[in-house]
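Here the structure is laid out as structure tokens; the discussion comes afterwards.
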Amino acid sequence: MSKIQTAERVSATDFSDNYVYQRSVFAYHEAAKIVRGKVCEIGTGSGYGVRIIAPVCDEFVTIDKFRCELDFSEYKNVKFIQMEIPPFAGIAENTFDYVITFQVIEHIENDKSFLQEINRVLKPGGKLILTTPNKIQSLTRNPWHVREYTVDELVSLFEQCGFKVNASGVFGSKNVDSYLEKNKQSIQRITRWDIFNLQYKLPRTWLQIPYDLMNRMNRKKVANSNREITQNIRLNDFSIQKATGECLDLFYIGEK
């Protein structure tokens, strides 16, 4: 299966991706403070989380529907599995101490089955650490997302799937706020031409390639016009606090 090509994949080297990259990798650094034992990741992506999580656990199984180009032979405790989930085929009940999945659930058609399967493969008392965009903060429809969640919607889903949930969120600093304001202004200049609100009316699969092109173009434009703001965003510009409508991402820990 070929590697996915979408703006949903984030580059660690393209400076126009710096805000999204720092926001994404922040979740791994927070998870690394928590996870131990046998850990499973759903959504390997480009693999940049492996170097952060592998050193802090005994075994690390990372799963993605697409091939990952990372050289996993460098990590003696890491196993990569290419498969589409749910279900988690071939993985027994009560296998993992922790499951982490960042920016994945919004892409899953059957989100309830996804969480139920995670619950199944967790050991009793095991924990799921999950991030997903805060629906309230989305500026446009992302056609790669099946759905997005509010704070309360995701709490309800966790509870339906057998988790006790700690609902936190990822918040940004003033540096992040400055970048986001520039990004918002740029997006509004694009979406003002959508006078018939087609982004919310057309099938999402029709919009995916146009969205990718426009998203990449906008990201580069914002970065080039605001180079200092874009380059200066770092991990310490993000923090974990109680989830509210103001957070950028939902950062939830569910205990089985």
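The sequence shown lines up with residues 10 to 265 when you count with this note's numbering.
Ideal Cβ placement from N, Cα and C applies to all residues, glycine included.
In this text the structure is predicted, and so the values were computed from the model without any measurement.
(message) Assuming contact is defined by CB atoms lying nearer than 8 Å, are T253 and S25 in contact in what I supplied?
(response) no
(request) Please specify which runs of the alpha helix (DSSP H), each continuous and at least 4 residues long, are wholly inside the segment 149-226, giving them in chain order. (result) 160-169, 183-200
(message) Determine whether the beta carbon atoms of N224 and C170 lie at a separation below 8 Å.
(response) no
(request) Indicate whether P133 and K265 have their beta-carbon atoms separated by less than 8 Å. (result) In this structure, K265 lies closer than 8 Å to P133 by Cβ.
(message) For G99 and I114, what's the separation of their Cα atoms in angstroms?
(response) C-alpha separation (whole angstroms): 21 Å.
(message) Let me check understanding here. Comparing Cα to Cα, which of R60, S82, I90, R156 lies closest to R213?
(response) Closest by alpha carbon: R156.
(request) Can you say whether N192 is buried or exposed, counting buried as having 16 or more other CB atoms within 10 angstroms of its CB? (result) Buried, since its Cβ has 16 or more Cβ neighbours within 10 Å.
(message) Is it buried or exposed, F205, if we count other Cβ atoms within 10 angstroms and call 16 or more buried?
(response) With a threshold of 16 other beta carbon atoms within 10 Å, F205 falls short and is exposed.
(message) Please return the same chain residues whose Cβ sits closer than 8 Å to the Cβ of N227, not counting the five positions on each side in sequence.
(response) N192, S195, I196, I199
(request) Give every residue of the same chain whose Cβ lies closer than 7 Å to the Cβ of I242, excluding the five residues on either side of it in the sequence, and list them in chain order. (result) Only N27, Y28, Q31, N184, V185, Y188 meet the Cβ criterion.
(request) Please look up how many angstroms separate the CB atoms of L79 and V48, rounded, as I've assumed it's under 8 Å. (result) Wrong, their Cβ atoms sit about 16 Å apart, outside the cutoff.
(request) Would you mind giving the Cβ-Cβ distance between Y261 and L163, rounded to the nearest angstrom? I have them listed as a contact below 8 Å. (result) 6 Å
(message) Which same chain residues end up closer than 8 Å to E118 when comparing Cβ atoms and leaving out the 5 residues on each side of it in sequence?
(response) V155
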